[in-house]
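K.L.:
In UniProt numbering, the protein residues as written are 1 to 789.
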């Protein structure tokens, strides 16, 4: 079992992303930390690491003193904990090796490596860890080489709030220096009077000058042995402070800037304001020096500073060669659009890539310096939803995956195949809505229906621009002729309107890719602005917000249901996709219908509800009629039934509920004897709320056994084998933990249709309240014996 693809946005905090000299990007994704490998073509998230209980607010690679590749990073969370993750010596995975508890919401954390002990040994490098909380407290810990941690000091700053803090070394020494930015716009510097690692920090200086909060600080060292502290502030300026050993000034130097002097262990240091950088038009949230790699250390650090702002731009600053004055060299970013600017920024380890993460929806933006054109060009970056992913479905032939989220968007993911490898990525955002999305379903290969927290069902159809993009990835011979090249949303509207441009740019992406010889995935700006689908139809009929929907496999019928507290509004509406008119109204439930499912042969329609009952409808002369519904008296489910699913041969269906029970039922027996409702097999998960389930394709096992994927409220996913009409019906084959699966409620599980991929590999798509979409590869040939959890 492997995870083929992971998609998730970054948490919207300023220090939630870091790019290490090891080439990996780590970022906070809800309550987990994601590790992204930015390959030369299409990168991928390789792992999600879950141990935190609340949103991750900051992550940072722990830099070795020699500038080599990092093997540890730390993360801090609103749950009050700081965790250090260490790379396993045998593989490329990370495990949590050190955990310290702040006791309250941690806003930032930083770390300083005091020793260069390799992780390959039995010991860990000695670390100094600091973290700041919203209680105006900074705690300092020392991790010893045996992995033990002890508290060194607590520093309180009431009544001021702590905005940010960084650890570094005093110039030309191994004495730690702590910089703390406070809500009074000042920057306090702390250092030690002793070389003993357990000694306390003492305040040595206070830097003033900024007119608003300092949101980001970064240390660097120049060729003169001095330290440069860059501070980015909400007052739209960046200040560069030079810290070095004090040098006597000539009396004639009348225009010297103000000097801040302090003494440590008999040595006098001074701090002067090197420069003030103006150029941003809004608050600055990120500054980052170009990193020093181990092989470049002999040449000294390249003095280049990257800054990011909510004015939607990132700027690279360098000192002018002739005058030494710091000037703007490069500016990248967005003009217009719906973004809110950048929170943080990072240089890549080679200095030829820069990354920014957005304040709006946690989006990533990466630029690469092209030697051919001597300019910075955008490249693909990780993408994903920034809120709960509530539904997903496959295109009928499995060519792409559609997802819906409460971030008010729907997205499409597809694989680019190269040398028998599938590199999944986002290729379109067909709907950017004004309401939180609730559900969606495909009606045809290039048409889908969606429901949101409104009373309207909306139908969308693909554009010729989407066809041209998909043509580079899969066959599109069945694409119907369409007049729409793209779509736009009016400023005060919710409806995607088609744009009927001439075919000037119709094959632009195809031509560009054929010219370069390599497929280029769409970048963030293109996804957000140029991949909408036009709205084909709106369906009115429900009295409350749409909650769930399902479509017949032939695409001729759409079933929808809405939120409800009465029998009247709990009715299931059936719509004809030929006339887009309501053709039937099925009444059976008293509360909200939570899921609908047509059988693969379209003979049955199954519904489950908050009223703890399921209902089975059968097609008769083109209409669906109720066969039976479970009763509350003899119902094995004592709580809300959240989910249901059919076997591929339409013989059995399963229901899962909040009470932790999964029941398998025979459709033929129920049809023959509607009064006798006895499940064929019942699985009690000991109170784990079952929120999603899906049967695997028929080829997975021999009958009468079936493979069932079960998703839980805890985020775990289990793969069970159920054999009908035997005593020990259930056999657990695989269980994904909260790092492999999801760390919050699993909302939907769907196996990929079998036409488009290997018969030996089952691909299971999952989504959850942790903002993640994942595709898992399961070897069908191994699903005969239990696999260790």
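C-beta: ideal position from N, C-alpha, C; glycine also.
Does DSSP put residue 156 in a helix, a strand or coil?
P.N.:
Start at 1 with the first residue of the chain shown, and residue 156 comes out as number 156. If DSSP states are grouped into helix, strand and coil, residue 156 belongs with the strands.
K.L.:
Just to confirm the assignment, what range does the beta strand (DSSP E) spanning residue 27 have?
P.N.:
Along the chain shown, read from residue 1 onward, the residue named residue 27 stands at position 27. Its beta strand (DSSP E) spans residues 25-29.
K.L.:
From residue 570 to residue 595, what distance separates their C-alpha atoms?
P.N.:
Numbered from its first residue, the chain shown carries residue 570 at position 570. Numbered from its first residue, the chain shown carries residue 595 at position 595. Their Cα atoms are separated by approximately 12 Å.
K.L.:
Measuring alpha carbon to alpha carbon, tell me which residue in 600, 634, 660 is nearest residue 795.
P.N.:
Nothing can be reported for residue 795: it is not among the residues displayed for the chain, which extend from 1 to 789.
K.L.:
Should residue 242 and residue 267 be called a contact, given that it needs their Cβ atoms to be closer than 8 Å?
P.N.:
Locating residue 242 in the chain shown gives position 242, where the first residue counts as 1. Locating residue 267 in the chain shown gives position 267, where the first residue counts as 1. Going by beta carbons, residue 242 and residue 267 fall outside the 8 Å limit.
K.L.:
Going by beta carbon distance, what residues of the same chain come within less than 6 Å of residue 687, once the five residues before and after it are set aside?
P.N.:
Along the chain shown, read from residue 1 onward, the residue named residue 687 stands at position 687. So the list reads 660, once near-sequence residues are dropped.
K.L.:
In whole angstroms, give me the CA-to-CA distance for residue 771 and residue 673.
P.N.:
As a working mapping, residue 771 is identified with position 771 in the chain shown. As a working mapping, residue 673 is identified with position 673 in the chain shown. Answer to the nearest angstrom: the Cα atoms are 43 Å apart.
K.L.:
Per DSSP, which residues does residue 5 bridge with? Please list them.
P.N.:
The count along the chain shown starts at 1 and reaches residue 5 at position 5. The partner list for residue 5 (beta bridge, DSSP) reads 775.
K.L.:
When you compare only the Cα positions, how much space is there between residue 56 and residue 163?
P.N.:
The count along the chain shown starts at 1 and reaches residue 56 at position 56. The count along the chain shown starts at 1 and reaches residue 163 at position 163. In a straight line, the C-alpha of residue 56 is about 16 Å away from that of residue 163.
K.L.:
Under 8 Å between the Cβ atoms of residue 743 and residue 524?
P.N.:
Your numbering for residue 743 matches position 743 in the chain shown. Your numbering for residue 524 matches position 524 in the chain shown. No. Outside cutoff.
K.L.:
Do you know offhand how far residue 553's Cα is from residue 442's?
P.N.:
Mapped onto the chain shown, residue 553 falls at position 553. Mapped onto the chain shown, residue 442 falls at position 442. One C-alpha to the other measures close to 9 Å.
K.L.:
CB-CB under 7 Å to residue 623, same chain, minus the five flanking residues each way: which ones, in chain order?
P.N.:
To locate residue 623, count along the chain shown from 1; it is residue 623. Excluding sequence neighbours, residue 623 sits near 584.
K.L.:
So is residue 773 buried or exposed if we call it buried at 16+ other beta carbons inside 10 Å?
P.N.:
Here residue 773 refers to the residue found at position 773 of the chain shown. Looking at its Cβ environment, which holds 16 or more other Cβ atoms inside 10 Å, residue 773 is buried.
K.L.:
Can the beta-carbon of residue 447 be found closer than 8 Å to that of residue 404?
P.N.:
What you label residue 447 is simply residue 447 of the chain shown in a count that begins at 1. What you label residue 404 is simply residue 404 of the chain shown in a count that begins at 1. No; because the gap between Cβ atoms is not below 8 Å, this pair is not in contact.
K.L.:
Based on the DSSP secondary-structure assignment, which residues constitute the bridge partners of residue 422?
P.N.:
Position 422 of the chain shown, counted from the start, is the residue given in the question as residue 422. In the DSSP output, where bridge partners are listed per residue, residue 422 has 417.
K.L.:
Spatial neighbours of residue 51 within its chain, please: C-beta separation below 6 Å, excluding the five flanking residues on both sides.
P.N.:
Along the chain shown, read from residue 1 onward, the residue named residue 51 stands at position 51. Closer than 6 Å at Cβ, skipping near neighbours: 83, 96.
K.L.:
Mapping the DSSP letters down to three states, classify residue 770 as helix, strand or coil.
P.N.:
Taking the first residue of the chain shown as 1, we reach residue 770 at position 770. DSSP places residue 770 outside both helix and strand once states are collapsed to three, so it counts as coil.
K.L.:
Just to confirm my understanding: we take residue 551, look at its own chain, exclude 5 residues before and 5 after, and list those with CB closer than 6 Å. What are they?
P.N.:
On the chain shown, position 551 is the one that residue 551 refers to. Sequence-distant Cβ neighbours of residue 551 in its own chain, meaning closer than 6 Å and more than five residues away, are 441, 443, 558.
K.L.:
Cα separation between residue 188 and residue 179?
P.N.:
Counted from its first residue, the chain shown places residue 188 at position 188. Counted from its first residue, the chain shown places residue 179 at position 179. Roughly 6 Å separates the two Cα atoms.
K.L.:
DSSP has residue 717 in a bridge; who is on the other side?
P.N.:
Stepping through the chain shown from its first residue, residue 717 is reached at position 717. Looking at the DSSP assignment, residue 717 forms a beta bridge with 711, 736.
K.L.:
If I measure Cβ to Cβ from residue 265 and keep anything under 7 Å in the same chain, skipping five residues before and after, which residues do I get?
P.N.:
Position 265 of the chain shown holds residue 265. Closer than 7 Å at Cβ, skipping near neighbours: 193.
K.L.:
Could you name the residues of the same chain whose beta carbon sits closer than 6 Å to that of residue 465, not counting the 5 residues immediately before and after it, in chain order?
P.N.:
The residue you call residue 465 lines up with position 465 of the chain shown. Excluding positions up to five away in sequence, the list reads 485, 486.
K.L.:
Assuming contact is defined by CB atoms lying nearer than 8 Å, are residue 391 and residue 345 in contact in what I supplied?
P.N.:
For the purposes of this step, residue 391 is taken as the residue at position 391 of the chain shown. For the purposes of this step, residue 345 is taken as the residue at position 345 of the chain shown. Taking C-beta atoms as the reference points, residue 391 and residue 345 fail to come closer than 8 Å.
K.L.:
What separation, rounded to the nearest whole angstrom, lies between the Cα atoms of residue 276 and residue 150?
P.N.:
Position 276 of the chain shown, counting from 1, holds the residue named residue 276. Position 150 of the chain shown, counting from 1, holds the residue named residue 150. Rounded to whole angstroms, residue 276 to residue 150 spans 40 Å at the Cα level.
K.L.:
Keeping to the same chain, check which residues put their C-beta closer than 7 Å to that of residue 333; ignore five residues upstream and five downstream.
P.N.:
In the chain shown, counting from the first residue as 1, residue 333 sits at position 333. Same-chain partners within the cutoff: 312, 313, 314.
K.L.:
Can you tell me which of the three DSSP states residue 640 falls into?
P.N.:
Here residue 640 refers to the residue found at position 640 when the chain shown is read from its first residue. Reduced to three states, the DSSP call for residue 640 is coil.
K.L.:
Which word fits residue 259, buried or exposed, when buried means at least 16 other C-beta atoms lie within 10 angstroms of its C-beta?
P.N.:
Along the chain shown, one-based indexing puts residue 259 at 259. Exposed, since its Cβ has fewer than 16 Cβ neighbours within 10 Å.
K.L.:
Examine the Cβ distances between the stretch 320-333 and the stretch 194-208 and report whether three or more of them are shorter than 8 Å.
P.N.:
no
K.L.:
What does residue 437 pair with, by DSSP beta-bridge criteria?
P.N.:
Here residue 437 refers to the residue found at position 437 of the chain shown. Bridge partners of residue 437: 452.
K.L.:
Return the bridge partner residues of residue 272 from the DSSP annotation.
P.N.:
By one-based count along the chain shown, residue 272 stands at place 272. BP columns for residue 272 point to 242, 259.
K.L.:
From residue 317 to residue 306, what does the alpha carbon distance come to, in whole angstroms?
P.N.:
Here residue 317 corresponds to residue number 317 of the chain shown, with the count starting at 1. Here residue 306 corresponds to residue number 306 of the chain shown, with the count starting at 1. Distance between the alpha carbons of residue 317 and residue 306: 6 Å.
K.L.:
Residue 161: which of 177, 140, 184, 175 sits nearest, CA to CA?
P.N.:
Locating residue 161 in the chain shown gives position 161, counting from the first residue. It is 184 whose Cα lies nearest to the Cα of residue 161.
K.L.:
By alpha-carbon positions, which one of 750, 689, 726, 580 ends up nearest to residue 716?
P.N.:
Looking up residue 716 in the chain shown gives position 716. Checking every option, the nearest Cα to that of residue 716 belongs to 689.
K.L.:
Measure the C-alpha to C-alpha separation of residue 413 and residue 488 and round it to an integer number of angstroms.
P.N.:
Within the chain shown, the letter at position 413 stands for residue 413. Within the chain shown, the letter at position 488 stands for residue 488. Whole-angstrom Cα-Cα distance: 21 Å.
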